[in-house]
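Participant: Numbering (the working numbering), first residue to last: 570 to 693. Every residue, glycine too, gets a C-beta built ideally from N, C-alpha and C. Note that the coordinates shown come from a computational prediction; the quantities given were computed from them, not determined experimentally. The structure is given below, and queries will be raised subsequently.
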């Protein structure tokens, strides 16, 4: 998740969601973004204006993918009001792939994929 801002109340909500009462094992990582990477460049790196990157990882621990997907959906709901988008570098597993780039970039990347990877060998 790439939130514009990390409000303390929302961070506490995320901590409660992924804390000791969570039936799955969760690893939450919050990175502060900014500096040189925040400067606009002519490439496919999205959401440069975001101030934080929030990752929620759940290693397989026997609770099942349905529980993990439910947790991730709830985590997205917590962040939704302030979320710019999602990071392609943090979209693991069989999760949702939409929203990883701004619409213009997504269209440009689709054109490049159809030209250079028509069989979708690299992007699945």
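Entirely within the region 581-605 and at least 3 residues each: give me those beta strand (DSSP E) ranges in chain order.
Facilitator: Listed in chain order, they are 596-601.
Participant: Run through the DSSP bridge pairs and tell me what residue 625 is partnered with.
Facilitator: Bridge partners of residue 625: 597.
Participant: Can you grab the Cα-Cα spacing for the pair residue 647 / residue 612, in whole Å?
Facilitator: Going from the Cα of residue 647 to the Cα of residue 612 covers about 30 Å.
Participant: I'd like the list of long-range same chain contacts for residue 609, defined as Cβ closer than 7 Å, with 5 residues on each side in sequence excluded.
Facilitator: Closer than 7 Å at Cβ, skipping near neighbours: 617.
Participant: Rounded to the nearest angstrom, how far is the Cβ of residue 636 from that of residue 589, given a contact under 8 Å?
Facilitator: Not quite, the Cβ-Cβ distance comes to about 15 Å (not below 8 Å), so this is no contact.
Participant: So what does DSSP say about residue 687, is it helix, strand or coil?
Facilitator: In the structure shown, residue 687 sits in coil (DSSP, three-state: anything other than H, G, I, E or B).
Participant: Classify residue 641 as helix, strand or coil using the three-state DSSP reduction.
Facilitator: Reduced to three states, the DSSP call for residue 641 is helix.
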